[in-house]
Amino acid sequence: MYRFLLTPRWWGINLFVVLAIPFCVFMGTWQLGRFEDRVQTHEAADKQPAPGTRTAKPLDELLPVDTVTSGRPATATGRYADQFLVPGRKLDDRNGFYVVDMLRTDSGKALPVVRGWLPGKAGHTSVPAAPTGDVTVTGDLQASENPATAGVDATGGLPDGQVGMISAASLVNLVPYDVYDAWVTLQQPDTPAAAGAGAGAAKGAAALRPVPAAAAQGTGLDLKAFQNLGYLCEWFVFAAFVLFMWFRLVRREAEAVRDVRLGLVADTDATPDRDADTGPDTPAAP
């Protein structure tokens, strides 16, 4: 009765099932592994001291930024150069903007330094001037932002002197020097010298507020971690559905062959696989 499984049409169906089920199981297992990796990373991060409480190290020793070095205090020495404002950033549910100054280091590359946050609208609020001369900054290290980072404005069209995200890829097009693929946020915003033009520029400007360092991406049980669980369930459901449909098709085909043998259906209603089931030497019914 089941000789129809050896016909060319069923060879194709059987091959699809044989390949689809292991593939679904493999993809489901891979998603489970991704979830377990996120859980282990989250547990390891919880056991580590808070990044901001560790001893500060020179910037170059902490690059490139990864899940271990993100948030670590980094030190760099240089002179402040260009300044940019990053609009649309919130702090304590208040709208405002970041103040970013490019710190030109001795190597010639510049480190974006978030000196702090100010309430109001970028370009319409007075900004404290950056210190002049050689300065040494210590700030929490952060990876370059990307369009998926919270608060980033990737639409463009911002006025001169403003950027939508803090990223070497975007800043390098605005300054005539190389930019580190990282940035730091100062937990103790610096202030210019209390004399000369710096003090005059800062007069009337609001005090900068520190911008807390964000946790490194992929180190917590966030939405993406639970998406891995959802994909895990989907792949195993797909595997079960393929197996269910194969059994259902086999059962329907077997019932059709049985009905032909019992004479419950005419030969013209029989399935194309009937000849394969009855054999090539079986004479056709009159």
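Quick note on our numbering: the sequence shown kicks off at 105 and runs consecutively.
Heads up, the beta-carbon is just placed ideally off N, CA and C, and yes, glycines get one too.
These numbers were taken from a predicted model, which means no experiment stands behind them.
Inter-residue spacing [alpha-carbon to alpha-carbon] between residue i and residue j
i: Asp287; j: Asp141; result: Going by the sequence as given, residue 287 is Trp instead of Asp. One C-alpha to the other measures close to 27 Å.
i: Gly175; j: Pro191; result: 22 Å
i: Val143; j: Gly132; result: 17 Å
i: Gln246; j: Ala343; result: 42 Å
i: Leu110; j: Trp134; result: 34 Å
i: Asp210; j: Ala254; result: 32 Å
i: Val276; j: Asp164; result: 19 Å
i: Arg362; j: Pro112; result: 20 Å
i: Val354; j: Ser274; result: 59 Å
i: Asp170; j: Asp285; result: 12 Å
i: Asp122; j: Cys128; result: For clarity, residue 122 is Val in the given sequence; the question names Asp instead. C-alpha separation (whole angstroms): 11 Å.
i: Pro177; j: Gly265; result: 27 Å
i: Ser248; j: Phe330; result: 25 Å
i: Gln187; j: Ala124; result: 56 Å
i: Phe130; j: Phe348; result: 19 Å
i: Ala392; j: Gln292; result: Within the shown structure, residues of the chain are numbered from 105 to 390, placing residue 392 beyond reach of any answer.
i: Tyr281; j: Ser271; result: 14 Å
Integer-rounded CB distance, given that residue j should sit under 8 Å from residue i
i: Val256; j: Gly243; result: The pair is not a contact, with the Cβ atoms about 20 Å apart (cut-off 8 Å).
i: Leu290; j: Val217; result: 7 Å
i: Leu189; j: Ala226; result: 4 Å
i: Arg313; j: Leu195; result: 6 Å
i: Arg219; j: Asp294; result: 6 Å
Pair within 9 Å by beta-carbon distance, residue i and residue j
i: Trp339; j: Asn118; result: no
i: Ala358; j: Tyr106; result: yes
i: Ala310; j: Pro223; result: yes
i: Pro162; j: Thr179; result: yes
i: Val239; j: Leu215; result: no
i: Val283; j: Lys213; result: yes
i: Thr236; j: Arg158; result: no
Environment of residue i [buried if 16+ CB atoms lie within 10 Å]
i: Pro251; result: exposed
i: Val341; result: exposed
i: Trp115; result: exposed
i: Pro316; result: exposed
i: Arg198; result: exposed
i: Gly79; result: The first residue shown for the chain is 105 and the last is 390, placing residue 79 beyond what the model contains.
i: Phe139; result: buried
i: Ala301; result: The predicted position of Ala301 is uncertain, since its pLDDT is 40 and thus under 50; a value taken from the coordinates is nonetheless stated next. Classification of Ala301: exposed, given that the 10 Å Cβ count is below 16.
Practice item. Check whether the stretch 195-207 touches the stretch 224-244, counting contact only when three or more Cβ pairs, one atom from each stretch, lie closer than 8 Å. Key: yes
Exercise for review: Specify whether the stretch 328-344 and the stretch 259-267 touch according to this definition: at least 3 beta carbon pairs, one from each stretch, less than 8 Å apart.
Suggested key: no
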